[in-house]
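In the working numbering, the protein residues as written are 39 to 381.
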């Protein structure tokens, strides 16, 4: 009989994406009779996790959040490592998470790593030589194939059916976001009935007022939105085009068959290299999005409006699930976690 004080699985995540994935995983693990402690932050502040919690856990599954938000995850991995508690990482959020160098102290000691897809397994194994690598993908992606009401989105954002909606998906960097906004306004200036919507990234610590001040004199007005007003997912249900740097929002757009342009200047590529160790964003390599490096090229691509091959490739790389809203990722993740808990 299990010790009543034992936590079978402790789930620790800071950023929104790992927090959402772990929240969904709780019910799958609980249905298998496991006691689960969920310690997620949803991109916000959270009290420091106590070492006693880790010491009472049979297994700790940890997110791989962005550099600025990874403190609690690094602390959890450090405590687990010190206490001899098996731990693993959820790198299935998006492409190349396993490369995130701020987790390099645990490359040798992690027992389990969830990868984004099968093609990442071999390289992930080189980073985590002693871990079991399981390609699970992101369980939240099943929801990417669902749509909110276009009428509701239009009402909330002051749009009409005649508008050509360009959604600018922000990242965490003010400088990159400003560069992105300026290029988009320049590129879209001649589009009839264009409306530009800028969505702040959940991890962006800059106030929305800073972006309003920056765009107030732009030739084309920019409407600001946040997750609490109209979420990025909702905007994509109405968007005609997404322009972003290298964000997971592009994956959702591809699943919704919205054309995606990754605007990656030298600054954007520098940031990408810092996060992934490379300057190539896999969706561009796979042909589900287009890489553009400067405002003039962005303007040309938008004016050409040649997106059919892009949509076809999106359908090939991200086929819709046979059961809408249901993800096989949660079962794969639970199977792998159980294999360690039940040892």
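Just so you know, even glycine gets a beta-carbon here, dropped at the ideal spot from N, CA and C.
Nothing here was measured: the structure is a model prediction, and the numbers come from that model.
In terms of residue numbering, what span does the beta strand (DSSP E) encompassing residue 117 cover?
Within the chain shown, numbered from 1, the residue matching residue 117 stands at position 79. Segment 109–121 is the alpha helix (DSSP H) holding residue 117; no beta strand (DSSP E) there.
Out of curiosity, what's the CA-to-CA distance linking residue 83 and residue 158?
Along the chain shown, one-based indexing puts residue 83 at 45. Along the chain shown, one-based indexing puts residue 158 at 120. Each residue's Cα considered, the two are about 31 angstroms apart.
If I'm right that residue 99 touches residue 128 with Cβ under 8 angstroms, what's the distance once you round it to whole angstroms?
Stepping through the chain shown from its first residue, residue 99 is reached at position 61. Stepping through the chain shown from its first residue, residue 128 is reached at position 90. Their Cβ separation, rounded to whole angstroms, is 6 angstroms, which keeps residue 99 and residue 128 in contact under 8 angstroms.
Name the DSSP beta bridge partners of residue 262, please?
The residue you call residue 262 lines up with position 224 of the chain shown. Paired residue(s): 236.
Between which residues of its own chain and residue 294 is the CB-CB distance below 6 angstroms, once the five residues before and five after are set aside?
Taking the chain shown and counting its residues from 1, the one referred to as residue 294 is at position 256. Same-chain partners within the cutoff: 274.
Could you give the DSSP three-state label for residue 282: helix, strand or coil?
As a position in the chain shown, residue 282 is number 244, starting the count at 1. It is a strand residue.
Using a Cβ-Cβ cutoff of less than 6 angstroms, which residues in the same chain neighbour residue 356 once the five nearest sequence positions on both sides are dropped?
The residue you call residue 356 lines up with position 318 of the chain shown. Same-chain partners within the cutoff: 292, 293.
Quick check: the Cα distance between residue 170 and residue 163, rounded to an integer number of angstroms?
On the chain shown, position 132 is the one that residue 170 refers to. On the chain shown, position 125 is the one that residue 163 refers to. Roughly 8 angstroms separates the two Cα atoms.
Mind checking who residue 328 pairs with in its DSSP beta bridge?
For the purposes of this step, residue 328 is taken as the residue at position 290 of the chain shown. Per DSSP, 299.
Please determine, among 52, 165, 351, 95, the residue with the shortest C-alpha to C-alpha distance to residue 142.
Numbered from 1 along the chain shown, position 104 holds the residue referred to as residue 142. The shortest C-alpha separation from residue 142 is found at 165.
For residue 214, list the residues DSSP reports as bridge partners.
Counting from one through the chain shown, the residue named residue 214 turns up at place 176. Residue 214 is not bridged to any residue.
Cβ of residue 191 within 8 angstroms of Cβ of residue 281?
Here the question's residue 191 lines up with position 153 in the chain shown. Here the question's residue 281 lines up with position 243 in the chain shown. Cβ distance not < 8 angstroms, so residue 191 and residue 281 don't count as in contact.
What residues are listed by DSSP as bridge partners for residue 75?
Start at 1 with the first residue of the chain shown, and residue 75 comes out as number 37. Looking at the DSSP assignment, residue 75 forms a beta bridge with 48.
Tell me the start and end of each unbroken beta strand (DSSP E) in the segment 113–174 that is at least 3 residues and wholly inside, in chain order.
125–128, 150–153, 170–173
Work out the CA separation of residue 302 and residue 249 for me, nearest whole Å.
The residue given as residue 249 occupies position 211 in the chain shown. The residue given as residue 302 occupies position 264 in the chain shown. One C-alpha to the other measures close to 20 angstroms.
What is the DSSP secondary structure of residue 205, counted as helix, strand or coil?
For this step, residue 205 is matched to residue 167 along the chain shown. Here residue 205 sits in strand by DSSP.
Under 8 angstroms, with one C-beta from each stretch per pair, do the segment 174–194 and the segment 261–272 reach the 3-pair mark?
yes
Taking the straight line between their C-alpha atoms, what separation do you get for residue 62 and residue 177?
Translated into the one-based positions of the chain shown, residue 62 becomes position 24. Translated into the one-based positions of the chain shown, residue 177 becomes position 139. Using only the alpha carbons, I get a separation of about 8 angstroms.
What are the start and end residues of the beta strand (DSSP E) that includes residue 95?
As a first step, residue 95 is located in the chain shown; it is residue number 57 there, counting from the start. Membership of residue 95 in the beta strand (DSSP E) is indicated by the continuous run 95–101.
Determine the extent of the alpha helix (DSSP H) in which residue 246 is found, giving its start and end residues.
Sequence index remark: in the chain shown, residue 246 carries index 208 (1-based). Segment 246–253, the alpha helix (DSSP H) holding residue 246.
Is there contact between the segment 337–349 and the segment 104–121, where contact requires at least three CB pairs shorter than 8 angstroms?
Two segments are said to touch when three or more pairs of C-beta atoms, one from each, lie closer than 8 angstroms; by this definition the segment 337–349 does not touch the segment 104–121.
Could you tell me if residue 257 is buried or exposed, where buried requires 16 or more neighbouring beta carbons within 10 angstroms of its beta carbon?
Taking the chain shown and counting its residues from 1, the one referred to as residue 257 is at position 219. Classification for residue 257: exposed.
Quick one: what does DSSP say residue 4 is sitting in, helix, strand or coil?
With the chain covering 39 to 381 only, the question about residue 4 has no answer from this structure.
In three-state DSSP terms, what is residue 321?
Along the chain shown, one-based indexing puts residue 321 at 283. Helix, per DSSP.
Would you mind sorting residue 107 into buried or exposed? The rule is 16 or more other CB atoms within 10 Å of its CB.
Here the question's residue 107 lines up with position 69 in the chain shown. When all chains shown are included, residue 107 counts as buried.
Looking only at C-alpha atoms, which of 313, 149, 375 sits nearest to residue 103?
Stepping through the chain shown from its first residue, residue 103 is reached at position 65. Nearest of 313, 149, 375 to residue 103, Cα basis: 313.
Using only alpha-carbon positions, find the residue among 272, 380, 261 that is nearest to residue 187.
On the chain shown, position 149 is the one that residue 187 refers to. Comparing Cα-Cα distances from residue 187 to each of 272, 380, 261, the minimum goes to 272.
By the DSSP assignment, the alpha helix (DSSP H) with residue 193 in it spans what residues?
Here residue 193 is taken as the residue at index 155 of the chain shown, counted from 1. For residue 193, the enclosing alpha helix (DSSP H) begins and ends at 188–195.
Taking a contact to mean a Cβ-Cβ separation below 8 angstroms, would you say residue 297 touches residue 279 in this structure?
On the chain shown, position 259 is the one that residue 297 refers to. On the chain shown, position 241 is the one that residue 279 refers to. For residue 297 and residue 279, yes; Cβs fall inside 8 angstroms.
Grab me the residues of residue 145's own chain with a C-beta within less than 8 angstroms of its C-beta, minus the 5 sequence neighbours each way, in chain order.
Position 107 of the chain shown, counted from the start, is the residue given in the question as residue 145. Contacts found: 165, 166, 167.
If contacts are defined as beta-carbon pairs under 8 angstroms, then residue 300 and residue 327 qualify, I think. What distance do you get, rounded to the angstrom?
The residue labelled residue 300 in the question sits at position 262 within the chain shown. The residue labelled residue 327 in the question sits at position 289 within the chain shown. Between residue 327 and residue 300 the Cβ distance is about 5 angstroms, and since that is below 8 angstroms, they are a contact.
With DSSP collapsed to three states, give me the class of residue 267.
Along the chain shown, read from residue 1 onward, the residue named residue 267 stands at position 229. Three-state DSSP puts residue 267 in coil, outside helix and strand.
Could you tell me the alpha carbon to alpha carbon distance between residue 173 and residue 136, rounded to whole angstroms?
Taking the chain shown and counting its residues from 1, one reaches residue 173 at position 135. Taking the chain shown and counting its residues from 1, one reaches residue 136 at position 98. In a straight line, the C-alpha of residue 173 is about 12 angstroms away from that of residue 136.
Alpha carbon to alpha carbon, how far is residue 315 from residue 161?
For the purposes of this step, residue 315 is taken as residue 277 along the chain shown, with counting starting at 1. For the purposes of this step, residue 161 is taken as residue 123 along the chain shown, with counting starting at 1. Approximately 12 angstroms, taken between the alpha carbons.
In whole angstroms, what is the alpha-carbon distance linking residue 264 and residue 125?
Counting from one through the chain shown, the residue named residue 264 turns up at place 226. Counting from one through the chain shown, the residue named residue 125 turns up at place 87. So the alpha carbons of these two residues sit roughly 34 angstroms apart.
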